[in-house]
Each structure stands twice: as C-alpha cells, then as structure tokens.
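Chemist: If you read the sequences in order, they're chains A and B.
The numbering of the first sequence is the numbering used here, which starts it at 17 and goes up by one.
The numbering of the second sequence is the numbering used here, which starts it at 17 and goes up by one.
Just so it is clear, CB atoms sit at the ideal spot from N, CA and C, and this is done for glycine as well.
Protein chains: 2
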Amino acid sequence: MAIASQDYEVHALTIDYGSKHSRELESASKLAEHFKAASHRTIKIDLGIIGGSSLTDEKIILDTGKKLEEIGKEIPSSYVPARNMTFLSLAMGLVEVVGAEKIFIGANAVDYSGYPDCRPEFFEAFQKTAELGTKAGVEGKPVIIESPLLRLTKAQIISKGMELKVPYELTWTCYSGGDKACGKCEACLLRLEGFREVGINDPIRYKD
Amino acid sequence: MAIASQDYEVHALTIDYGSKHSRELESASKLAEHFKAASHRTIKIDLGIIGGSSLTDEKIILDTGKKLEEIGKEIPSSYVPARNMTFLSLAMGLVEVVGAEKIFIGANAVDYSGYPDCRPEFFEAFQKTAELGTKAGVEGKPVIIESPLLRLTKAQIISKGMELKVPYELTWTCYSGGDKACGKCEACLLRLEGFREVGINDPIRYKD
Numbered sequence: 017m018a019i020a021s022q023d024y025e026v027h028a029l030t031i032d033y034g035s036k037h038s039r040e041l042e043s044a045s046k047l048a049e050h051f052k053a054a055s056h057r058t059i060k061i062d063l064g065i066i067g068g069s070s071l072t073d074e075k076i077i078l079d080t081g082k083k084l085e086e087i088g089k090e091i092p093s094s095y096v097p098a099r100n101m102t103f104l105s106l107a108m109g110l111v112e113v114v115g116a117e118k119i120f121i122g123a124n125a126v127d128y129s130g131y132p133d134c135r136p137e138f139f140e141a142f143q144k145t146a147e148l149g150t151k152a153g154v155e156g157k158p159v160i161i162e163s164p165l166l167r168l169t170k171a172q173i174i175s176k177g178m179e180l181k182v183p184y185e186l187t188w189t190c191y192s193g194g195d196k197a198c199g200k201c202e203a204c205l206l207r208l209e210g211f212r213e214v215g216i217n218d219p220i221r222y223k224d
Numbered sequence: 017m018a019i020a021s022q023d024y025e026v027h028a029l030t031i032d033y034g035s036k037h038s039r040e041l042e043s044a045s046k047l048a049e050h051f052k053a054a055s056h057r058t059i060k061i062d063l064g065i066i067g068g069s070s071l072t073d074e075k076i077i078l079d080t081g082k083k084l085e086e087i088g089k090e091i092p093s094s095y096v097p098a099r100n101m102t103f104l105s106l107a108m109g110l111v112e113v114v115g116a117e118k119i120f121i122g123a124n125a126v127d128y129s130g131y132p133d134c135r136p137e138f139f140e141a142f143q144k145t146a147e148l149g150t151k152a153g154v155e156g157k158p159v160i161i162e163s164p165l166l167r168l169t170k171a172q173i174i175s176k177g178m179e180l181k182v183p184y185e186l187t188w189t190c191y192s193g194g195d196k197a198c199g200k201c202e203a204c205l206l207r208l209e210g211f212r213e214v215g216i217n218d219p220i221r222y223k224d
C-alpha cells in the first residue's frame, strides 16, 4: 500500500506457511492484483512440521477469550517461532533475484508488543545480518528493510489506509480460519478497535 | 557428527529446498538414523519459485568446468540467494519448540570463500538477530550457533570425520543430481581434493 503510493515497482511475496487462517492467501492475491504488482509469488512452507504455535499446530488452541487490554502483556500462543525471520530471509532471496532496493513488511510493534520479531531492534539486526550474508550486501548494495506500520497505532494504520485508498474489503486479519472473521481472536480485537477509534465501519464480514 | 560426539540429544532438520541434487535428502535420513537423532524433520520449501541459482533454477546451468584453483574467487552460480539465512531461521523455530541450546551447521568458509553466507561474521550477526527476534532470546536463553567446520580445510574436515567414525559412504556432496556423483562440479572437486590430501579413498560412487 505505502509501497504502491511511493511509485516503487512492487514484487509481492506471499508465504503460505500452513496457518489455519489460509483465507489470507486469497486476500494477498487480490491485493497484489489490485495494486498491480509487477510479480506475485507464493512460497509454500509447512511450518506445522515445526509447530509450537496456535496458528500452525492443530494441537494448540487459538486464544479467543482475551480482553483488548490483556493483549501484548506476554508472548501469545499465536507467536510462530522465528516466523518473521524466515519470511524476511525468503524476501531477501527474492530481492537478490529481482534486484529490489527495499523490503516492505507490515509488522506493528505499538499495539502489539508481545511478538519479539515485531520489534524495531529485531529489524535493525536483521538488516545488518542481510548485509553480511547476501551477494547484494557484499557487493555494496545492501537492502533496506522498511516497516512503515511499525510504530503506528492500529487506528493510525486504518487512517493511513483510508488516505491511500486501501480496499479494506479485500483485506484479512482474523487468525481463526473460516470464511467470516471471528471477531474474538487477538487479531480481530485489534482490527475492530482500530476501525472503532477512527469511527468507520469495517467492510469485511464477521460471524454473528 | 561433531554433535553426536559431544553427547547432545540431536534433533535433525533437513530442508528440501527444491535443489537439483535432492539425492542429499536420502543421505540426510540415513545419517540421522545412523547417529540415532532424537527426531528428524524435513521441511519442504520450493526455493525454485525465487530462483537465481544453478542449484534451484532449471534455466541456470551448473558450472562443471572450473579448475580447483578457480573456486572461491567469486560468488558462484550455485549460490542460492539467502539460503543459509532461511535455513537458520527455520532451525531457530525448531530450537524454540524442542528447547534446544545450540544449532549446528556445517558451513565452511576456508576452502570456499565465495558464499557470503558461509562467513563467520554472518553467523555472528545472525545469532544477534535471533537473540532479539525469538521468544528464547527475549527470555534470556539465547541460542548459540555452532559451525564447527567453518575454519577447517576440506582435508581437515575429512580427517576429523575419520576420527569421529563418520560413515562417508552415506554422505553426499555433488551438486549435479543423479545417482552417482559427477566428480566435476565445485562441490565434487573440493570433496575429492580433501580425500586426496588425506590420502584415503572416497567410498561413494562417481560417474566414469
């Protein structure tokens, strides 16, 4: 979104990591099409083989009973071990092949500080690692990792998206899986709170 | 190998990344069994979707015409963009789930300096990133990345393996694919040179 607004040629990368909410893959495709991405690749990787998260492991129940104010106090069961590190590594590979200058990732640290791999210091360290471990870095063309949503509140993200004409009806946030959003998981609670604060209706459908 | 010799409980992780030399997967299973790994997982991930390497991209020809002394002068076509970063990220996820203390990776920087992600400074930076981006790191139990072969020559690696009773007949190095090793790719040249220097015969079969 921010990317398309900055006149970059966008190469979209989706990771199908075996999450329960695979409905987001459909949204990713629609958004890549909407924003006229120069390319869109989906890499399949079954993180369920590693497990350890309520998003990928059938045996771990997703928490849908939290109150908004409880979110972010501790690392939640939906934390997928080393997920953003894996995603960024794959993106770094793509960057080298298409010759991109930047990686944009939509991580957010403010509302949701429970995930260690959504913190600014993690992204800074990753960028340093990538400079040392990639051909581009060695050749003096290090890639910049941009996380434009990192320090925004959920309400600020919604506002920014409205300004940039994001088709929110094509987006997906819910962790529970299914055709309609559950409205109860941590991801839904934060999304709904963002829309509520801005005072507009969320256009996606929720279960009754 | 070194791991089993140090009395660790070993959780083996193989990444089936869509390389042409998938024969190595069979070797990985046999070695995990031989060394009585506590578990052995194989994660499939098609890096061919990203491409950019003669190991994963059908359109890029593997170089089998190099002389031994030419190896390591530049980043070879067999460099898989951001591969070790991706592998280590996946291993880091597994570490968090099984509660491991260390990751062992068989990268080697001395004979083969062409790969940026086989350099000591890359592994150091990655470890720092992992400390910041994982639950284990945040909880003060950072994982140590060990690369015991990093500074050994290929001959020293072969010698060390002999000492540790590595069943070399179960190992695989060739990049070309097929049932017998080609003896011509960079990986074969370096392996054969290691055996030659130590003065023992390589027990695997090579094409005539």
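Do you know offhand how far A53(B)'s Cα is from I91(A)'s?
Modeler: Translated into positions along the second sequence, residue 53(B) becomes position 37. Translated into positions along the first sequence, residue 91(A) becomes position 75. Distance between the alpha carbons of A53(B) and I91(A) is about 30 angstroms.
Chemist: Hey, A141(A) and T145(B): beta-carbon distance below 8 angstroms or not?
Modeler: Taking the first residue of the first sequence as 1, we reach residue 141(A) at position 125. Taking the first residue of the second sequence as 1, we reach residue 145(B) at position 129. In contact: A141(A) and T145(B) (Cβ atoms closer than 8 angstroms).
Chemist: Using 8 angstroms as the limit for Cβ to Cβ distance, is I220(B) near chain A?
Modeler: Translated into the one-based positions of the second sequence, residue 220(B) becomes position 204. No, because no Cβ of chain A sits closer than 8 angstroms to the Cβ of I220(B).
Chemist: Counting pairs of beta carbons, one from the segment 54-62 of chain B and one from the segment 22-30 of chain B, are three or more of them closer than 8 angstroms?
Modeler: Verdict: yes, contact present.
Chemist: Locate the alpha helix (DSSP H) running through I173(B), then write down its first and last residues.
Modeler: Working through the second sequence from its first residue, we reach residue 173(B) at position 157. Element bounds for I173(B): 170-179.
Chemist: Taking C-alpha atoms, which residue in A107(B), S192(B), G215(B), R221(B) lies nearest to I31(B)?
Modeler: Numbered from 1 along the second sequence, position 15 holds the residue referred to as residue 31(B). Cα-wise, what sits closest to I31(B) is A107(B).
Chemist: What is the rounded straight-line gap between the Cα of K200(A) and the Cα of R135(A)?
Modeler: Translated into positions along the first sequence, residue 200(A) becomes position 184. Translated into positions along the first sequence, residue 135(A) becomes position 119. Going from the Cα of K200(A) to the Cα of R135(A) covers about 24 angstroms.
Chemist: Show which residues of chain A have a CB atom less than 7 angstroms away from the CB atom of Y24(B).
Modeler: What you label residue 24(B) is simply residue 8 of the second sequence in a count that begins at 1. Within chain A, no residue comes near Y24(B); the closest Cβ sits about 19 angstroms away, beyond 7 angstroms.
Chemist: Where does A18(B) fall in DSSP's three states?
Modeler: Position 2 of the second sequence holds residue 18(B). The pLDDT assigned to A18(B) is 42, lower than 50, so where the model puts this residue is not dependable; a value taken from the coordinates is nonetheless given after this. Residue state, collapsed to three classes: helix.
Chemist: What distance in whole Å lies between the Cβ atoms of I121(B) and Q143(B), which are believed to be in contact at a cut-off of 8 angstroms?
Modeler: As a first step, residue 143(B) is located in the second sequence; it is residue number 127 there, counting from the start. As a first step, residue 121(B) is located in the second sequence; it is residue number 105 there, counting from the start. 11 angstroms between Cβ atoms; not a contact.
Chemist: K36(A): buried (16+ other C-beta within 10 angstroms of its C-beta) or exposed?
Modeler: On the first sequence, residue 36(A) is found 20 positions in, with the first residue counted as 1. K36(A) should be labelled buried.
Chemist: S163(B): which of V126(B), R207(B), T80(B) sits nearest, CA to CA?
Modeler: Your numbering for residue 163(B) matches position 147 in the second sequence. Answer by Cα proximity: V126(B).
Chemist: Distance cutoff 8 angstroms, beta carbons only. Does K75(A) sit that close to anything in chain B?
Modeler: Within the first sequence, the letter at position 59 stands for residue 75(A). Chain B contact via Cβ: absent.
Chemist: For I77(B), count neighbouring Cβ atoms within 10 angstroms of its own Cβ and tell me buried if that reaches 16, exposed if not.
Modeler: In the second sequence, the residue the question calls residue 77(B) occupies position 61. Under this definition I77(B) is an exposed residue.
Chemist: Does the beta-carbon distance from A197(A) to T189(A) come in below 8 angstroms?
Modeler: Here residue 197(A) refers to the residue found at position 181 of the first sequence. Here residue 189(A) refers to the residue found at position 173 of the first sequence. Yes, these two residues count as a Cβ contact at 8 angstroms.
Chemist: Quick check on S55(B): does DSSP put it in helix, strand or coil?
Modeler: What you label residue 55(B) is simply residue 39 of the second sequence in a count that begins at 1. Three-state result, S55(B): strand.
Chemist: Going by beta-carbon coordinates alone, are K151(B) and P97(A) separated by less than 8 angstroms?
Modeler: As a position in the second sequence, residue 151(B) is number 135, starting the count at 1. As a position in the first sequence, residue 97(A) is number 81, starting the count at 1. In this structure, P97(A) lies closer than 8 angstroms to K151(B) by Cβ.
Chemist: If you draw a straight line from the C-alpha of M101(A) to the C-alpha of G149(B), how long is it?
Modeler: Residue mapping note: residue 101(A) aligns to position 85 of the first sequence, counting from 1. Residue mapping note: residue 149(B) aligns to position 133 of the second sequence, counting from 1. Their Cα atoms are separated by approximately 7 angstroms.
Chemist: Roughly how many angstroms lie between the CA atoms of M178(A) and V113(A), to the nearest whole one?
Modeler: Translated into the one-based positions of the first sequence, residue 178(A) becomes position 162. Translated into the one-based positions of the first sequence, residue 113(A) becomes position 97. C-alpha separation (whole angstroms): 33 angstroms.
Chemist: Quick one: Cα of D73(B) to Cα of E155(B), how far?
Modeler: In the second sequence, the residue the question calls residue 73(B) occupies position 57. In the second sequence, the residue the question calls residue 155(B) occupies position 139. So the alpha carbons of these two residues sit roughly 40 angstroms apart.
Chemist: If you reduce the DSSP assignment to three classes, tell me which class K157(B) lands in.
Modeler: Residue 157(B) sits at position 141 when you count from the first residue of the second sequence. Three-state result, K157(B): coil.
Chemist: Among R221(A), E137(A), E147(A), L166(A), whose alpha-carbon lies nearest the alpha-carbon of G153(B)?
Modeler: Indexing the second sequence from 1 puts residue 153(B) at position 137. Closest by alpha carbon: E137(A).
Chemist: Of all Cβ atoms in chain B, is any one closer than 8 angstroms to the Cβ of A203(A)?
Modeler: Here residue 203(A) is taken as the residue at index 187 of the first sequence, counted from 1. No, no contact with chain B.
Chemist: Got a sec, what are the start and stop residues for the alpha helix (DSSP H) T102(B) sits in?
Modeler: Within the second sequence, the letter at position 86 stands for residue 102(B). Its alpha helix (DSSP H) spans residues 99-114.
Chemist: Looking at C-alpha atoms only, which residue of G81(A), L110(A), Y131(A), A123(A) is the closest neighbour of G67(B)?
Modeler: Here residue 67(B) corresponds to residue number 51 of the second sequence, with the count starting at 1. It is L110(A).
Chemist: Does any CB atom of chain D fall closer than 8 angstroms to the CB of A28(A)?
Modeler: Although the question refers to chain D, the structure presented lacks it and instead comprises the protein chains A and B.
Chemist: Could you tell me which chain A residues have their CB closer than 8 angstroms to the CB of R135(B), listed as they occur along the chain?
Modeler: Translated into positions along the second sequence, residue 135(B) becomes position 119. Near R135(B) (Cβ distances below 8 angstroms), the residues of chain A are L148, G149.
Chemist: Residues in the same chain with beta-carbon distance under 6 angstroms from V214(A), minus the five sequence neighbours each way, listed in chain order, please.
Modeler: Counted from its first residue, the first sequence places residue 214(A) at position 198. Excluding residues within five positions, the ones whose Cβ falls inside 6 angstroms are A171, I174, S175.
Chemist: Would you mind telling me which residues of chain B sit closer than 8 angstroms to G122(A), beta carbon to beta carbon, in chain order?
Modeler: Translated into the one-based positions of the first sequence, residue 122(A) becomes position 106. By Cβ distance, chain B contributes nothing, its closest Cβ being about 16 angstroms from G122(A), past 8 angstroms.
Chemist: Leaving aside the five residues before and after H50(A) along the sequence, list all residues of the same chain whose C-beta is less than 8 angstroms from its C-beta, in chain order.
Modeler: The residue given as residue 50(A) occupies position 34 in the first sequence. P183, L186.
Chemist: Mapping the DSSP letters down to three states, classify I65(B) as helix, strand or coil.
Modeler: The residue you call residue 65(B) lines up with position 49 of the second sequence. The answer is helix: DSSP assigns I65(B) an H, G or I state.
Chemist: Below 8 angstroms CB to CB, which residues in the same chain sit around D133(B) once its five sequence neighbours on both sides are set aside?
Modeler: As a working note, residue 133(B) is residue 117 in the second sequence. The residues are A98, R99, N100, M101, A123.
Chemist: Can you give me the start and stop residues for the beta strand (DSSP E) that K118(B) sits inside?
Modeler: Here residue 118(B) refers to the residue found at position 102 of the second sequence. 118-120 is the span of the beta strand (DSSP E), which, as asked, contains K118(B).
Chemist: Which one or two residues does DSSP pair with I31(A) in a beta bridge?
Modeler: Residue 31(A) sits at position 15 when you count from the first residue of the first sequence. Partner(s): I59(A).
Chemist: Taking the alpha-carbon positions, what's the I61(B) to T80(B) distance?
Modeler: Residue numbering aside, residue 61(B) sits at position 45 when the second sequence is read from its first letter. Residue numbering aside, residue 80(B) sits at position 64 when the second sequence is read from its first letter. Approximately 26 angstroms between the Cα atoms of the pair.
Chemist: Restricting to Cα atoms, I'd like to know which of L205(A), L47(A), E209(A), G34(A) is closest to K181(A).
Modeler: Your numbering for residue 181(A) matches position 165 in the first sequence. Ranking the options by Cα distance to K181(A), first place goes to L47(A).
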